[in-house]
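Residues 1243 to 1341, numbered by my numbering, are exactly what the sequence shown covers, in order. For reference, the structure discussed in these notes is given below.
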Amino acid sequence: MLKNTVFQLVDLSFTVYNWLIILRIILSWFPLPSTGTLGSIYRFIYELTEPLLAIFRRILSPIMVGSVGLDLSPIIVLILLRFLRGLILMAISQIFMYI
């Protein structure tokens, strides 16, 4: 029972964070108002995702595509989160096997 709860909570946390990054990617394609509901939603998503993305942005500079810089940090973070999610869920399974 506890194993399933912990497993689902960790899985849900990773899923929500992945969706926040995907939403941030999509919203970055459009001009957004700095005020109002949509601006508040974007700021909320930005504040939750920026700390992790900033780490990888410092390491990996944007790739120039024509005259536009392509930021690959969200893609790298999504891949690493997927890998980390698998490791953590496997560790949870192993830990609860002995409890």
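Yeah, the Cβ is synthetic: ideal placement off N, Cα and C, and Gly gets one too. These numbers come from a predicted model, not from an experiment.
- Three or more beta-carbon pairs separated by less than 8 Å link the region 1283–1290 to the region 1256–1270, which places the two stretches in contact.
- Taking all protein chains in view, the Cβ of Ser1270 is surrounded by fewer than 16 other Cβ atoms within 10 Å, so the residue is classified as exposed.
- Of the other Cβ atoms in all chains shown, fewer than 16 fall within 10 Å of the Cβ of Thr1247; this residue is therefore exposed.
- The beta carbon of Pro1275 lies closer than 7 Å to those of Gly1281 in the same chain, with the five residues before and after it left out.
- In this structure, Leu1295 sits away from Val1310, with a CB-CB distance that is not shorter than 8 Å.
- Counting along the chain, Leu1312 sits inside the beta strand (DSSP E) bounded by residues 1310–1312.
- The beta carbons of Leu1331 and Val1252 sit about 6 Å from each other, so the pair counts as a contact at 8 Å.
- Put simply, of Pro1316, Ala1333, Gln1336 the residue whose alpha carbon is nearest the alpha carbon of Glu1292 is Pro1316.
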